[in-house]
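Undergrad:
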Amino acid sequence: MRSAQRKTVFILLRLIDTPNFVASFVYGNHVYFWYREWAAEVSDGDRQIYARVARVCRSDRGGARPAHERWTSYVKARLNCSVPANTPFYFNELQAVTEPVAAIDGSSYVYAVFSTPESSVRMSAVCVYRMETIKRIFDYGHFKIQKTAQSFW
């Protein structure tokens, strides 16, 4: 592994918590990563796994020092695969993801398989995500920020 690759992996591991990568693929000018991780934004003292999709520009070579050889375009979002209700039931254990599948209308869709944790009632679900919607969320969405390192999301 080259030095630049090691640095990128190290920085990525600082941005995510104990990831379990499920899939990755190129779509347009970006690389998309599909994984599950411990959710940093949960503040109730009970650790939870969240399913995520992350994106990095294919041409990302890092920024000026101190970000040299470190991704500067990395963004991530939670995947919502849930049963709608007053209190939704979330499927957070991402298990498998297809590459984008072209539909008749010209849109591309990704199919993802989810399950419940092993310590829960065993269930599974398949959710469908439109790639153009994911791209739009990353391009124009509002992101959570952490005011200080000690504050909750």
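Numbers given in the working numbering equal positions in the sequence shown, counted from 1, plus 18.
Here a beta-carbon is modelled for each residue, glycine too, at the ideal position from N, C-alpha and C.
Work out the CA separation of Phe51 and Val44 for me, nearest whole Å.
TA: As a first step, residue 44 must be located in the sequence shown, where it is residue number 26. As a first step, residue 51 must be located in the sequence shown, where it is residue number 33. Rounded to the nearest angstrom, the two C-alpha atoms are 9 Å apart.
Undergrad: Please say whether Ser142 and Ser133 have beta carbons closer to each other than 7 Å?
TA: By 1-based counting over the sequence shown, the position of residue 133 is 115. By 1-based counting over the sequence shown, the position of residue 142 is 124. Yes, the Cβ-Cβ distance between Ser133 and Ser142 is below 7 Å.
Undergrad: If you compare alpha carbons, which of Pro118, Thr90, Glu136 is closest to Phe109?
TA: Here residue 109 refers to the residue found at position 91 when the sequence shown is read from its first residue. Of the listed residues, the one whose Cα sits closest to Phe109 is Glu136.
Undergrad: From the DSSP output, in three-state form, read off Ile155 for me.
TA: Here residue 155 refers to the residue found at position 137 of the sequence shown. Ile155 falls in the helix class under three-state DSSP.
Undergrad: Comparing alpha-carbon positions, which option in Arg65, Ser91, Gln66 lies nearest Arg76?
TA: To locate residue 76, count along the sequence shown from 1; it is residue 58. Among Arg65, Ser91, Gln66, the Cα nearest to that of Arg76 belongs to Ser91.
Undergrad: Under three-state DSSP, which class holds Glu117?
TA: As a first step, residue 117 must be located in the sequence shown, where it is residue number 99. Correct three-state label for Glu117: coil.
Undergrad: Which first and last residues belong to the beta strand (DSSP E) in which Val131 is found?
TA: As a first step, residue 131 is located in the sequence shown; it is residue number 113 there, counting from the start. Start and end: 126–133.
Undergrad: Are Ala69 and Arg79 close, meaning C-beta to C-beta below 7 Å?
TA: The count along the sequence shown starts at 1 and reaches residue 69 at position 51. The count along the sequence shown starts at 1 and reaches residue 79 at position 61. Not a contact, by the Cβ cut-off of 7 Å.
Undergrad: Please go through the same chain and pick out, in chain order, the residues whose beta-carbon is closer than 6 Å to the beta-carbon of Val146, but skip the five residues on each side of it.
TA: Working through the sequence shown from its first residue, we reach residue 146 at position 128. So the qualifying residues of the chain are Tyr127, Tyr129.
Undergrad: Give me the Cα-Cα distance between Asn98 and Ile122, rounded to the nearest whole angstrom.
TA: Taking the sequence shown and counting its residues from 1, one reaches residue 98 at position 80. Taking the sequence shown and counting its residues from 1, one reaches residue 122 at position 104. Taking the straight line joining both Cα atoms gives about 25 Å.
Undergrad: Please return the same chain residues whose Cβ sits closer than 6 Å to the Cβ of Val40, not counting the five positions on each side in sequence.
TA: Against the sequence shown, residue 40 aligns to sequence position 22. Trp52, Tyr53, Leu112, Val115.
Undergrad: Are Val93 and Arg65 touching if we call contact CB-CB under 7 Å?
TA: To locate residue 93, count along the sequence shown from 1; it is residue 75. To locate residue 65, count along the sequence shown from 1; it is residue 47. No, the pair does not count as a contact, with Cβ atoms beyond the cut-off.
Undergrad: Are there 16 or more other CB atoms within 10 angstroms of the CB of His48, so buried, or fewer, so exposed?
TA: Stepping through the sequence shown from its first residue, residue 48 is reached at position 30. Burial call: buried.
Undergrad: Among Val131, Pro118, Val139, Arg140, which has the Cα closest to the Cα of Arg152?
TA: Position 134 of the sequence shown, counting from 1, holds the residue named residue 152. The sequence shown places Ile at residue 152, rather than the Arg named in the question. Among Val131, Pro118, Val139, Arg140, the Cα nearest to that of Ile152 belongs to Pro118.
Undergrad: Since Ile67 is in the beta strand (DSSP E), which residue starts that stretch and which ends it?
TA: In the sequence shown, residue 67 corresponds to position 49, counting from 1. 67–75 is the span of the beta strand (DSSP E), which, as asked, contains Ile67.
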